[in-house]
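Here is the structure we will look at, set down as structure tokens.
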Amino acid sequence: MIPTFFISHGGGPWPYVPQMRLMFIKSAQWMTDFAENLNAKPTAILSVTGHWEANEFSVSSALKPPMIYDYSGFPENTYKVKYSAPGSPPIAKKVVSLIESAAGMKCVEDSSRGFDHGTFVPLSLMYPNENIPVISFSIKNTYNPAEHIKIGESLKPLREEGVLIIGSGLSYHNLREFGSPEARKVSQTFESWLTQTIEKSPQERNDALTHWESAPSARKAHPQEDHLLPLMVVAGAAGKDMGKKIFQDDAMNVIMASYRFG
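Counted the way our numbering counts, the sequence shown spans residues 1 to 262.
Below, the structure written as structure tokens:
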């Protein structure tokens, strides 16, 4: 069964801005080496992106997903970036079916949703050939961690079919504090708790993630949990697989960690 991952995707369109790419040089190398280290070609990729919030859990069903440049104030070239991987309407339908039957929750198809930077930034480095179908999946704007874990559990059968489930967010996401001395301390404290939590037994892990707000520096690290919730989906999809930290970057004076399950 193919592993599942939570990836700290970095800041904005960093691979396409030379001075930013230098800041994220470790992330760039890790993402470039990702496919070789995985040692298995996915049949498709389900990207659970913290940059797509919806009233109901939603999945992209576009055959040719457009680009979404969901950032501002960056150089002109970053608004011309293209990631041309196809979508997969059949897999989108299967996602809906799994969620409604196994989780008993509503999930809707969105035929117009494209690739936001939480999806195209890491995948442009991880799978630059653009030949693997990519399906985007939203978080739900109620931010209920238990719901997101349950949704992930329902998606686990996709892994048996070779679908790579990636949660794309950040282990630290406080935009007002990025770069400050306080941010580094907070990101270290929260990442330490998060890593210890990920490495627990699946039941303990999911219980702790459900109550993540009680973790040290939790709300200082995530004033809003949009970039943490993709981890909940991935942890649910991990099933009984154990998790571990597989990468850490120190860019922008904060610790940003990525995790693997299975």
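Virtual Cβ for every residue (Gly too), placed ideally from N, Cα, C.
>> Which residue wins for smallest C-alpha separation from Trp52, given the options Val254, Gln196, Tyr69 and Leu38?
In response: Among Val254, Gln196, Tyr69 and Leu38, the Cα nearest to that of Trp52 belongs to Tyr69.
>> Rounding to the nearest angstrom, what Cα-Cα distance links Trp94 and Leu46 in this structure?
In response: The identity of residue 94 in the sequence shown is Lys, whereas the question assumes Trp. Straight-line spacing of the CA atoms in Lys94 and Leu46 works out to 12 Å.
>> Give me, in chain order, the residues of the same chain whose beta-carbon lies closer than 6 Å to that of Glu56; leave out the 5 immediate sequence neighbours on both sides.
In response: Once the five neighbours on either side are set aside, the close Cβ partners of Glu56 are Lys106 and Val108.
> Taking the C-alpha atoms as reference points, what is the distance between Ser154 and Pro230?
Replying inline: So the alpha carbons of these two residues sit roughly 14 Å apart.
> Say the cut is 6 Å; is the CB of Leu63 nearer than that to a heavy atom of the ligand PLP?
Replying inline: The model depicted lacks the ligand PLP and carries no ligand whatsoever.
> Could you give the C-beta distance for Pro13 and His173, rounded to a whole number, given that I count them as a contact under 8 Å?
Replying inline: With a Cβ gap of about 17 Å, Pro13 and His173 do not count as contacting.
>> Please return the same chain residues whose Cβ sits closer than 7 Å to the Cβ of Arg205, not counting the five positions on each side in sequence.
In response: Here Arg205 has Thr197, Ile198, Ala235 and Gly243 as same chain residues with Cβ atoms under 7 Å from its own Cβ, once five neighbours each way along the sequence are excluded.
> So with Cβ pairs under 7 Å, would you call Ser8 a contact of chain D?
Replying inline: The structure shown contains no chain D, having only a single protein chain.
>> Need the endpoints of the beta strand (DSSP E) that Thr49 sits in, please.
In response: Counting along the chain, the beta strand (DSSP E) containing Thr49 begins and ends at Ala44 to Ala54.
> Where do the N-terminal and C-terminal ends of the beta strand (DSSP E) with Met256 fall, by residue?
Replying inline: It spans Met256 to Phe261 - the beta strand (DSSP E) in which Met256 sits, taken as one unbroken run.
> Which partner residues of Phe178 appear in the DSSP bridge assignment?
Replying inline: Phe178 is not bridged by DSSP to any residue.
>> Only counting the same chain, and skipping five residues up and downstream in sequence, which positions put a Cβ closer than 6 Å to that of Trp30?
In response: Answer for Trp30: Phe247, listed in chain order.
> Just to confirm, are Arg113 and Ser88 a CB contact at a threshold of 7 Å?
Replying inline: Using a Cβ distance threshold of 7 Å, Arg113 and Ser88 do not count as a contacting pair.
> What is the residue span of the alpha helix (DSSP H) that Ile91 lies within?
Replying inline: Pro89 to Leu98 is the span of the alpha helix (DSSP H), which, as asked, contains Ile91.
>> Out of Val254, Phe178 and Ala238, which one is the CA nearest neighbour of Gly262?
In response: Selection Val254, Phe178 and Ala238 evaluated against Gly262 yields Ala238 as nearest (Cα-Cα).
>> Tell me which residues share the same chain as Glu161 and place their Cβ nearer than 7 Å to its Cβ, disregarding the 5 neighbours each side in the sequence.
In response: In the same chain as Glu161, and ignoring 5 residues on each side of it, the C-beta atoms closer than 7 Å to its own belong to Thr43, in chain order.
>> Three Cβ pairs or more, each shorter than 8 Å: is that satisfied between the stretch 172 to 189 and the stretch 215 to 225?
In response: Proximity of the stretch 172 to 189 to the stretch 215 to 225 meets the contact definition, three or more beta-carbon pairs being nearer than 8 Å.
> Taking only runs of the beta strand (DSSP E) that begin and end inside the stretch 104 to 173, which ones reach a length of at least 3 residues, in chain order?
Replying inline: As for any beta strand (DSSP E) of minimum length 3 sitting wholly inside the stretch 104 to 173, the runs are 107 to 110, 134 to 140 and 163 to 169, ordered along the chain.
>> I'd like to check one pair, Leu194 with Ser168: are the Cβ atoms closer than 7 Å?
In response: 7 Å or more divides the Cβ of Ser168 from the Cβ of Leu194.
>> Checking 7 Å against the spacing of the C-beta atoms, do Tyr83 and Phe34 come in under that value?
In response: Contact: no.
> Could you give the C-beta distance for Met256 and Gly179, rounded to a whole number, given that I count them as a contact under 8 Å?
Replying inline: Between Met256 and Gly179 the beta-carbon gap is near 13 Å, outside 8 Å, which marks them as no contact.
> When we look at the beta-carbon of Ser111 and count the other beta-carbons within 10 Å, is it buried (16 or more) or exposed?
Replying inline: By the neighbour-count criterion, in which a residue is buried when 16 or more other Cβ atoms sit within 10 angstroms of its Cβ, Ser111 is exposed.
> In angstroms, rounded to a whole number, what distance separates the CA positions of Leu125 and Pro15?
Replying inline: Rounded to the nearest angstrom, the two C-alpha atoms are 8 Å apart.
>> Here's a check: name, in chain order, each residue in its chain whose Cβ is nearer than 6 Å to the Cβ of Tyr143, leaving out the five neighbours to either side.
In response: Apart from sequence neighbours up to five positions away, the residues of its chain that approach Tyr143 with a beta-carbon distance below 6 Å are Glu225, ordered along the chain.
> For the beta strand (DSSP E) that Thr4 lies in, which residues bound it at each end?
Replying inline: Counted as a single uninterrupted DSSP element, the beta strand (DSSP E) harbouring Thr4 occupies residues Thr4 to Ser8.
> For Lys64, which option in Ser97, Glu36, Lys26 and Pro86 has the closest C-alpha, if you only look at C-alpha atoms?
Replying inline: If we check each option's Cα against that of Lys64, Pro86 comes out closest.
> Quick one, are the C-beta atoms of Val163 and Val48 less than 7 Å apart?
Replying inline: Result no, Cβ atoms of Val163 and Val48 do not sit closer than 7 Å.
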